[in-house]
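Below you'll find the structure, written out as structure tokens, and then a few comments.
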Amino acid sequence: MTQSLKDLTPRQIVAELDQYIIGQHDAKRYVSIALRNRWRRMNSSPDMQQEITPNNILMIGATGVGKTEIARRLAKIADAPFTKVEASKFTEVGYVGRDVESMVRDLVEQSVNMVKAAKKEQVKTRALQIVEDMILDILIPPIKQPSGFQLEDLNDKGEIPDSDAELNERTRERFREKIRKGEMDERKIEIDVQQNAAPNIGMIGGTVDELSMMNIQEMIGGMMPRRGKKRKVTIAEAKKILLEEEAAKLIDMDEVKDEAIRRAENTGIIFIDEIDKIATNRGSGSGGPDVSREGVQRDLLPIVEGTTVNTKYGSINTDHILFVAAGAFHVSKPSDLIPELQGRFPIRVELQSLSEDDFFQILKAPKNALTKQYVAMMQSEQVELTFEEESLREIARIAFQVNSEVENIGARRLQTVMSHLLNDFMFDIPDVIGPDSRVSITKEMVSEKLNELVKNRDLSQFIL
71 MTQSLKDLTP RQIVAELDQY IIGQHDAKRY VSIALRNRWR RMNSSPDMQQ EITPNNILMI
131 GATGVGKTEI ARRLAKIADA PFTKVEASKF TEVGYVGRDV ESMVRDLVEQ SVNMVKAAKK
191 EQVKTRALQI VEDMILDILI PPIKQPSGFQ LEDLNDKGEI PDSDAELNER TRERFREKIR
251 KGEMDERKIE IDVQQNAAPN IGMIGGTVDE LSMMNIQEMI GGMMPRRGKK RKVTIAEAKK
311 ILLEEEAAKL IDMDEVKDEA IRRAENTGII FIDEIDKIAT NRGSGSGGPD VSREGVQRDL
371 LPIVEGTTVN TKYGSINTDH ILFVAAGAFH VSKPSDLIPE LQGRFPIRVE LQSLSEDDFF
431 QILKAPKNAL TKQYVAMMQS EQVELTFEEE SLREIARIAF QVNSEVENIG ARRLQTVMSH
491 LLNDFMFDIP DVIGPDSRVS ITKEMVSEKL NELVKNRDLS QFIL
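Just add 70 to the spot in the sequence shown (first one is 1) and you have the numbering used here.
What follows is the structure in structure tokens.
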């Protein structure tokens, strides 16, 4: 579901998140307020718009409790540019690796793709007409019509005209209808596909940053001519390939870039995962990698505070981008981050570990519940899969027990448990269990398949 920010109140945002994420009400409230504040800022007086800054959020919680899912669903609800990065992948300036500015470039790239897709949808009808003409030209090359001829012209008796041009035009129209109805989708034709002749460029020696490399590649690609390649494809494939090319020709890329930058600046969301991995324990007195970790924090600080980042689509200001950071903080604490960075994440919310009842609700309630995913997969083989309620409670109990005794990996444990439970059925379909069969999962079946595995601690430690 995507709506404009104007139509999304905080309560409606929470209601949407509830369809996919169980529990974590505090986190949902904070992110819903932060999202609504984007609309409030953009509709305030012009002099105040620049003064209102987003309240960045730091989510603290064990793995698998819903931190990433909350941020990802939030972006989908608002139809906002969104990118997820891992803080541990970045390196301090001067070291080999990704610099922190790349997260902003990723956000702009995502925004450009979103705007481009929306613009292509607007010109789709015109592009389809052009594509149909191109396919018809291949199937039935047009014959030049005599001047003054119109398709409606018939002889006095209303019979079909006899000239080649008139017959050709009528045949093309009949074939156009067949193409639109998909009756000729399997027929193969030869088309010209445009290819970018820009080579992949690498640098040996010296330091060339990511942006400079992209600019060099784009510059050389613009200098080299685009070349066509003959491909023999079905009409169904040709429609997709040619539609993409023709729609791109109808779009004004300068307009796309401007709108994408504007959307990224005002509605963009950057989710920084594993931020606890760059926190340094100052009391430990350790050096080595800790120095680089603190360097990444220092590099991250101006991005979160607000700065201008150059991208291949233009400069973007990060003042009003919403940053959501998350980490488990098992070893380190939020206070181990440098004070300046802590101050840029004023909203802290702790996500609760999942209970046995949470596991049961996760299996039953969300739109994308694992049980519903397995039901859909078996339906594709024409096999009906059903779960008794007691069987779901037993799966939840076992998942919670394994999390308590081995390692708490949150809701991801359910994937392992469900896989162990249903793998035999998935393997036997369709050879042993044929179409129109029914598989019913009972509490006894769950206990039989999984209890031995849980009791054997030596095996349990190898389960994800």
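Where a beta carbon is used, it is the ideal one built from N, C-alpha and C, also for glycine.
task = Taking Phe393 as part of the alpha helix (DSSP H), name the residues at either end of that continuous run.
result = That residue, Phe393, is in no alpha helix (DSSP H); its beta strand (DSSP E) goes 392-397.
query = Sorted by chain position, which residues of the same chain lie with C-beta nearer than 7 angstroms to Leu440's C-beta, five sequence neighbours on each side aside?
reply = The answer, listed in chain order, is Leu433, Leu484, Gln485, Met488.
inquiry  = Can you give me the C-alpha to C-alpha distance between Val401 and Thr350, rounded to a whole angstrom?
reply    = Rounded to the nearest angstrom, the two C-alpha atoms are 10 angstroms apart.
inquiry  = Would Leu198 and Leu320 qualify as a contact pair, given that the criterion is a beta-carbon distance under 8 angstroms?
reply    = Against a cut-off of 8 angstroms, the Cβ pair of Leu320 and Leu198 comes out as no contact.
inquiry  = For Leu422, which residues in the same chain have their Cβ closer than 8 angstroms to its Cβ, ignoring the five residues on either side in sequence?
reply    = Sequence check: residue 422 is Gln here, not Leu. Answer for Gln422: Gly93, Gln94, Gly131, Val135, listed in chain order.
key: Among Asp149, Ile140, Tyr100, Pro211, nearest to Asn336 - alpha-carbon criterion   = The shortest C-alpha to C-alpha distance from Asn336 to any of Asp149, Ile140, Tyr100, Pro211 is the one to Asp149.
request  = Note the first and the last residue of the continuous beta strand (DSSP E) segment covering Arg418.
outcome  = Taken as a continuous stretch (DSSP letters only), the beta strand (DSSP E) holding Arg418 covers 417-420.
message = Mapping the DSSP letters down to three states, classify Asn493 as helix, strand or coil.
response = In this structure, Asn493 counts as helix in the three-state DSSP scheme.
query = Would you report the Cα separation of Ala334 and Gln120, rounded to the nearest angstrom?
reply = Rounded to the nearest angstrom, the two C-alpha atoms are 15 angstroms apart.
ask   = Nearest-angstrom Cα distance between Thr381 and Gln367?
value = Using only the alpha carbons, I get a separation of about 21 angstroms.
message = Measuring straight from C-alpha to C-alpha, what distance separates Ala396 and Ser158?
response = Ala396 and Ser158: Cα-Cα distance of roughly 12 angstroms.
Backbone CA spacing between Ile91 and Val185 [nearest angstrom] = Cα to Cα, Ile91 sits roughly 28 angstroms from Val185.
message = Measuring only the C-alpha atoms, how far is Ala23 from Pro151?
response = Limits of the chain in this structure are 71 at one end and 534 at the other, which puts residue 23 out of reach.
ask   = What span of residues does the alpha helix (DSSP H) with Thr241 cover, start to end?
value = Note, Thr241: alpha helix (DSSP H), 234-251.
query = Which residues bound the beta strand (DSSP E) around Phe152?
reply = Taken as a continuous stretch (DSSP letters only), the beta strand (DSSP E) holding Phe152 covers 152-156.
ask   = Tell me which same chain residues have a C-beta within less than 6 angstroms of the C-beta of Leu128, skipping the five on either side of it?
value = So the qualifying residues of the chain are Ala395, Phe415, Arg418.
message = With three or more beta-carbon pairs closer than 8 angstroms as the criterion, would you say the stretch 368-388 touches the stretch 165-179?
response = Between the stretch 368-388 and the stretch 165-179 there are three or more C-beta pairs closer than 8 angstroms, enough to call the two in contact.
task = Report all residues from its chain with a CB closer than 6 angstroms to the CB of Ala317; omit the five preceding and five following residues, and keep chain order.
result = Setting aside the 5 residues that flank it on each side, Ala317 is surrounded in the same chain by Lys190, Val193, Ala197, each with a C-beta closer than 6 angstroms to its C-beta; the list follows chain order.
8 angstroms Cβ shell around Lys327 - same chain, five flanking residues per side excluded = Counting only Cβ-Cβ distances below 8 angstroms, and skipping sequence neighbours, we find Val182, Tyr383, Gly384.
ask   = Is DSSP giving Val537 helix, strand or coil here?
value = Residue 537 cannot be examined here, being either before or after the span of the chain that is shown, 71 to 534.
ask   = Are Ser461 and Met515 closer than 8 angstroms when you measure CB to CB?
value = Cβ distance < 8 angstroms, so Ser461 and Met515 count as in contact.
ask   = Is Arg414 helix, strand or coil by DSSP?
value = Judged by DSSP in its simplified three-state form, Arg414 adopts coil rather than helix or strand.
query = Exposed or buried, what is Asp324 when buried is set at 16 or more other beta-carbons lying within 10 Å of its beta-carbon?
reply = That one is exposed.
task = With a 10 Å radius around its C-beta and 16 neighbouring C-beta atoms as the bar for buried, classify Asp234 as buried or exposed.
result = For Asp234, the number of other beta carbons within 10 angstroms of its own is below 16, and it is reported as exposed.
ask   = Which two residues bound the contiguous alpha helix (DSSP H) that contains Phe430?
value = Going by DSSP, Phe430 is part of the alpha helix (DSSP H) stretching over 426-434.
request  = Return the CA-CA distance between Gln82 and Pro124, expressed in angstroms with no decimal places.
outcome  = Roughly 20 angstroms separates the two Cα atoms.
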